[in-house]
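Below you'll find the structure, written out as structure tokens, and then a few comments.
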Amino acid sequence: MTLDKVVGSAADAVADIPDGASLAVGGFGLAGIPWFLIEALLQQGAAGLTIVSNNCGVDGAGLGLLLEARRISRVIASYVGENKEFARQYLAGELTVELTPQGTLAERMRAGGSGIGAFFTPTGVGTMVADGGLPWRYHTDGSVALASPPKEVRTFGGTEMVLEEGIVTDYALIRAAVADKAGNCKFHAAARNFNPPAAMSGRVTVVEAERVVEVGELHPDEVHLPGIFVKRIVELTPEQAAHKDIEKRTTRTRGAER
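Read in the numbering used here, the sequence shown has 6 at position 5, and its numbers run on one by one without any break.
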């Protein structure tokens with residue numbers, strides 16, 4: 002028997018995501034983000050969402066669309082980036098934000114997907130990451146409404162390390178270059194970024210794939226994410242697959258002095 006996890010549309014794939022759900026979302030900036038799953042979730046209407054992602058898109062694109070529609074209540078991310086609305090909501094006390102070191106965030110998702118409850122890392126020792134006090138939410142007057150708690154610190158091999166908990170989310174939304182019908186995924190170059198750990202973190206992981214192939218067409222060495230982590234696949238049209246915006250386009254006149 003051959004597994005076939007392909008669903009009819011992005012709308013079908015996210016239809017059961019409820020209000021208050023937590024979602025891990027792949028991508029880095031706008032590279033490798035699940036554009037059409039995000040748009041389908043925007044149309045679906047789920048609100049009060051907790052988003053775990055490297056960042057939260059940019060103004061007018063990616064997860065920034067959900068922010069602007071006030072669908073997100075909490076974000077666990079490594080940086081705000083160039084998203085002015087993200088910064089505004091955070092500083093205005095409208096959004097809870099748990100900033101986490103980038104490598105720690107990736108490992109927290111990977112650990113959650115691997116059944117590892119927590120792990121020790123030297124990253125953040127001696128800072129507010131370990132000591133507590135990072136502002137997670139502000140009052141409207143700018144005072145801190147909610148701060149991060151202190152974390153356990155222990156010494157291993159002479160090095161102090163802080164305890165970080167694994168992250169498991171209700172759903173995960175990712176984008177792959179190629180997926181077979183059983184959910185085995187291949188990512189292209191830098192678009193691989195946070196997609197594998199985000200996929201591992203989700204209890205129900207949904208992939209939008211630029212191309213879907215039969216089981217067996219991917220060489221084992223091409224499989225960057227095993228299908229065991231994937232529940233649903235959305236096959237993009239060629240036009241959708243070609244949609245890959247970037248955050249900034251910087252050019253100069255051909256032949257101009259360097």
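Quick reminder that beta carbons are idealized off the backbone N, C-alpha and C, glycines included.
Delimiting residues of the beta strand (DSSP E) encompassing residue i
i      : result
Ile52  : Leu50 to Val53
Gly203 : Gly203 to Val214
Ile39  : No beta strand (DSSP E) contains Ile39, which is instead part of the alpha helix (DSSP H) from Trp36 to Gln45.
Thr97  : Thr97 to Leu100
Val76  : Ile73 to Ala78
Leu237 : Premise fails: Leu237 is in no beta strand (DSSP E) and is neither H nor E.
Closest residue to residue i among the options (Cα-Cα distance)
i      : options                          : result
Val98  : Leu135, Ala191 and Gly228        : Leu135
Pro239 : Lys249, Arg71 and Ala210         : Ala210
Cys186 : Val130, Glu218, Arg204 and Ala25 : Glu218
Thr160 : Leu100, Arg253, Tyr91 and Val126 : Val126
Gly30  : Val224, Leu24, Asn55 and Phe37   : Asn55
Glu83  : Gly65, Ala70 and Ala93           : Gly65
Glu108 : Val231, Leu237, Val53 and Phe87  : Val53
His225 : Leu43, Pro35, Ala192 and Phe188  : Phe188
Residue j beta carbon less than 8 Å from that of residue i
i      : j      : result
Tyr172 : Val208 : no
Val216 : Ala183 : yes
Val235 : Val8   : yes
Leu106 : Val76  : no
Ile168 : Ser115 : no
Phe121 : Leu164 : yes
Ala47  : Asp20  : yes
Ser149 : Gly133 : yes
Val59  : Ala41  : no
Leu237 : Ile39  : no
Pro221 : Met162 : no
Met110 : Pro35  : no
Residue i Cβ short of 7 Å to the ligand SAH heavy atom set
i     : result
Val26 : In the structure on display, the ligand SAH does not appear, and there are no ligands present to speak of.
Range covered by the alpha helix (DSSP H) that runs through residue i
i     : result
Leu68 : Leu64 to Glu69
Leu92 : Lys85 to Leu92
Contact belief for residue i with residue j at Cβ below 8 Å, rounded distance in angstroms
i     : j      : result
Thr51 : Ser23  : 4 Å
Gly49 : Arg176 : In fact, because the Cβ distance is near 24 Å, the residues do not count as touching under 8 Å.
Every unbroken beta strand (DSSP E) inside the region 123-180 [3 residues or more]: With a minimum length of 3 residues, the continuous beta strand (DSSP E) runs that stay inside the region 123-180 are 136-139, 145-148, 154-157 and 160-166.
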